[in-house]
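Novice: In the working numbering, the protein residues as written are 10 to 465. The beta-carbon is built from N, C-alpha and C at its ideal position, and this holds for glycine as well. Computed from a predicted structure; not experimentally measured. Mind looking over this structure? Questions follow.
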Amino acid sequence: MDNTTTEYDPCTHRLLSFHDHIEAFEDGSDTPRAYLERCLEVVDSLEGEVYAFAAMNIEGARAAADASTARYKAMQALSRLDGMPFGVKDLYETVDMPTQMNSPKYLGWQGNRDAAHVFALRRGGAVILGKTTTTEFGAGAPPPTRNPFDTRKTAGGSSSGSSAAVGARMLPAASGSQVRGSIVRPAGYCANFALKPSIGMLNKGGGHSLAPSQSVLGVHAGSLEDCWRTAYYISSQAGGDAGYPGLLGDPVLGTARKPKRLIRLESAGWEGTTGVTKAAFEAALAKMSDTGIEIVSRFDNPKVEALEAALAKIPDLLPGLLGFESKWPMADYETTSPGCLGEKMQRMLQAGEALTIEDYRERLAIRVEVRAAQDALKGSADAFVLLCSQDPPPDYPEIGHTVYGDVSSTLGAPAFALPLLVVEGLPVGLQYMGWPGDDFALACQSRWMMDLFRSL
Numbered sequence: 010m011d012n013t014t015t016e017y018d019p020c021t022h023r024l025l026s027f028h029d030h031i032e033a034f035e036d037g038s039d040t041p042r043a044y045l046e047r048c049l050e051v052v053d054s055l056e057g058e059v060y061a062f063a064a065m066n067i068e069g070a071r072a073a074a075d076a077s078t079a080r081y082k083a084m085q086a087l088s089r090l091d092g093m094p095f096g097v098k099d100l101y102e103t104v105d106m107p108t109q110m111n112s113p114k115y116l117g118w119q120g121n122r123d124a125a126h127v128f129a130l131r132r133g134g135a136v137i138l139g140k141t142t143t144t145e146f147g148a149g150a151p152p153p154t155r156n157p158f159d160t161r162k163t164a165g166g167s168s169s170g171s172s173a174a175v176g177a178r179m180l181p182a183a184s185g186s187q188v189r190g191s192i193v194r195p196a197g198y199c200a201n202f203a204l205k206p207s208i209g210m211l212n213k214g215g216g217h218s219l220a221p222s223q224s225v226l227g228v229h230a231g232s233l234e235d236c237w238r239t240a241y242y243i244s245s246q247a248g249g250d251a252g253y254p255g256l257l258g259d260p261v262l263g264t265a266r267k268p269k270r271l272i273r274l275e276s277a278g279w280e281g282t283t284g285v286t287k288a289a290f291e292a293a294l295a296k297m298s299d300t301g302i303e304i305v306s307r308f309d310n311p312k313v314e315a316l317e318a319a320l321a322k323i324p325d326l327l328p329g330l331l332g333f334e335s336k337w338p339m340a341d342y343e344t345t346s347p348g349c350l351g352e353k354m355q356r357m358l359q360a361g362e363a364l365t366i367e368d369y370r371e372r373l374a375i376r377v378e379v380r381a382a383q384d385a386l387k388g389s390a391d392a393f394v395l396l397c398s399q400d401p402p403p404d405y406p407e408i409g410h411t412v413y414g415d416v417s418s419t420l421g422a423p424a425f426a427l428p429l430l431v432v433e434g435l436p437v438g439l440q441y442m443g444w445p446g447d448d449f450a451l452a453c454q455s456r457w458m459m460d461l462f463r464s465l
């Protein structure tokens, strides 16, 4: 494989967008089919080095793009996403492509339905181009996917292919999912915008993510506007998970809103964070502070210190809790197909098998305490700011640590990955996190952040 290296500059680098092409589709100066063909040219050029896709349906995508082109010509577009090429993380079922989850257990497995978000997107005229790679069952061995900015490096995990496809400008948007750090970390490594929504706000039906009490469906995109529009549309059509209201707010981004006060979080990840990444984070906070935003830390507010102390419990809390929730189907897979699980999945299963139901209940109670520590700060600040990762993308096959993604996952809180930092010439994401249910307000503040950092 030839090494592809692209120096990253967050102030000037732009990925593929879709929303700003709709006017051209409507006046006929561009078409969804032409847009798709431009995406396919990039796929042809880079897929042999990036390996973002587990399966593709090019002819099906072309047929969908042609149908979308006809609708725009007739001024009958189905939605704001009509004609948008989209990649589906290979933990989610598609009726026209296999769902293999990077596991020999599911090699060649073909479901007979679309996952809820895929069904909603097809109804809105989106063009489903392919299945994007993932780690084994979203938690184990990595796929061959590489970072589009330096193909010696990782794209992260587990939403590896989605982050790489968007980062390589193959697609304007793709789905991701997160139990620990599987949206925000790869998004940061590949310079994506991404939304890890509040728990339950996007319907993850038809997915095979493990540990359902923390698993969320999210969106990777090349622009913040496409990220929000896609997530909102999925929610408006497929709803949230059962018992959840879905995303609140407007279908398009609102006016950029400057935050007044932000809480910086170090969490359990700070000690292991590289010095250059810490320096980039501090520089970003200084830039925010220079505009008059108050930055509050654990040293300024005892409630922030209480939250930091609660977050320090997460590394000991999650392996057993998530392993217990994953015993089925993992134990069944190992029983029916001995040896089918990779080493990391075996460890996850063993952690779950070691817990009793009483142990699991204790861990659930600890998670409630951690969430209460965040809730105690509601109203005291606009949002939280922390890193997406401890480092720039490490060498493949390492995928990076989940520790910063664990924060928003354990809290059930919404978080945007914003491509604002550069470390050693590579992207590192800033994680902008709110309280559960604050997704839209967080999106509008994220727009202000992007205006601040890109106003050169």
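1. Assign N111 to buried or exposed, taking buried as 16 or more other Cβ atoms, counted over all protein chains shown, within 10 Å of its Cβ.
2. Would K269 pass as an interface residue toward chain D - the criterion being a Cβ-Cβ separation below 8 Å?
3. When the Cβ atoms of the stretch 158-174 are set against those of the stretch 365-373, are three or more pairs found closer than 8 Å?
4. Would you mind working out which of Y101, F290, E68 and P268 sits nearest G278, comparing C-alpha positions?
5. Bridge partners of E303, per DSSP?
6. Go ahead and label A374 buried or exposed: buried means 16 or more other beta carbons lie within 10 angstroms of its beta carbon, across all protein chains shown.
7. Is it buried or exposed for I366, if we count other Cβ within 10 angstroms and need 16 for buried?
8. Quick check on C453: buried or exposed, where buried means 16 or more other Cβ atoms within 10 Å of its Cβ?
9. Less than 7 Å separating the Cβ of G278 from some heavy atom of the ligand ZN?
10. Span of the alpha helix (DSSP H) holding F308?
11. Looking at the strands, I want to know which residues DSSP matches up with M210.
12. With DSSP collapsed to three states, give me the class of A293.
13. Just how far apart, CA to CA, sit L257 and S88?
14. Take V412 and list the residues in its own chain whose beta-carbon comes closer than 6 Å to its own, dropping the five residues that flank it on each side.
15. Can you have a look at T78 and say buried or exposed, based on whether 16 or more other CB atoms are within 10 angstroms of its CB?
16. Would P41 pass as a contact of G92 if the rule is Cβ separation under 8 Å?
17. On the criterion of 16 or more Cβ atoms from any shown chain inside 10 Å, does P423 qualify as buried, or is it exposed?
18. Taking its Cβ as the centre, do 16 or more other Cβ atoms sit within 10 Å of V261, making it buried, or is it exposed?
19. How would you call E145, buried or exposed, if buried means at least 16 neighbouring beta carbons within 10 angstroms?
20. Please identify the residue among A321, V285, K98 and Q399 whose C-alpha is closest to the C-alpha of A182.
21. If you drop the 5 nearest sequence neighbours on each side, which residues of the same chain put their C-beta closer than 6 Å to that of T282?
22. Hey, quick one: how far does the beta strand (DSSP E) through K162 stretch, first residue to last?
23. D39 bridges to which residues according to DSSP?
24. Pull up the distance between the alpha-carbon of D460 and that of L130, whole angstroms please.
25. For D376, does the three-state DSSP call read helix, strand or coil?
26. Does the separation of the CB atoms of Q383 and L430 fall below 8 Å?
Specialist: To lay it out plainly:
1. buried
2. This model lacks chain D altogether; it includes just one protein chain.
3. No, they do not touch.
4. F290
5. R270
6. That one is exposed.
7. exposed
8. Burial call: buried.
9. Only the bare structure without any ligand can be found here, which leaves the ligand ZN out of the picture.
10. Under the DSSP assignment, F308 falls outside any alpha helix (DSSP H); it carries neither an H nor an E label.
11. Note: M210 sits in no beta bridge, so no partner.
12. helix
13. 18 Å
14. A277 and G278
15. buried
16. yes
17. buried
18. Exposed, by the Cβ-count rule.
19. By the 16-neighbour rule on beta-carbons within 10 angstroms, E145 is buried.
20. K98
21. Q399
22. Where K162 is concerned, the enclosing beta strand (DSSP E) stretches over D159 to T163.
23. The partner list for D39 (beta bridge, DSSP) is empty, contrary to what the question assumes.
24. 29 Å
25. Correcting the residue identity first, residue 376 is Arg in this sequence and not Asp. The answer is helix: DSSP assigns R376 an H, G or I state.
26. no
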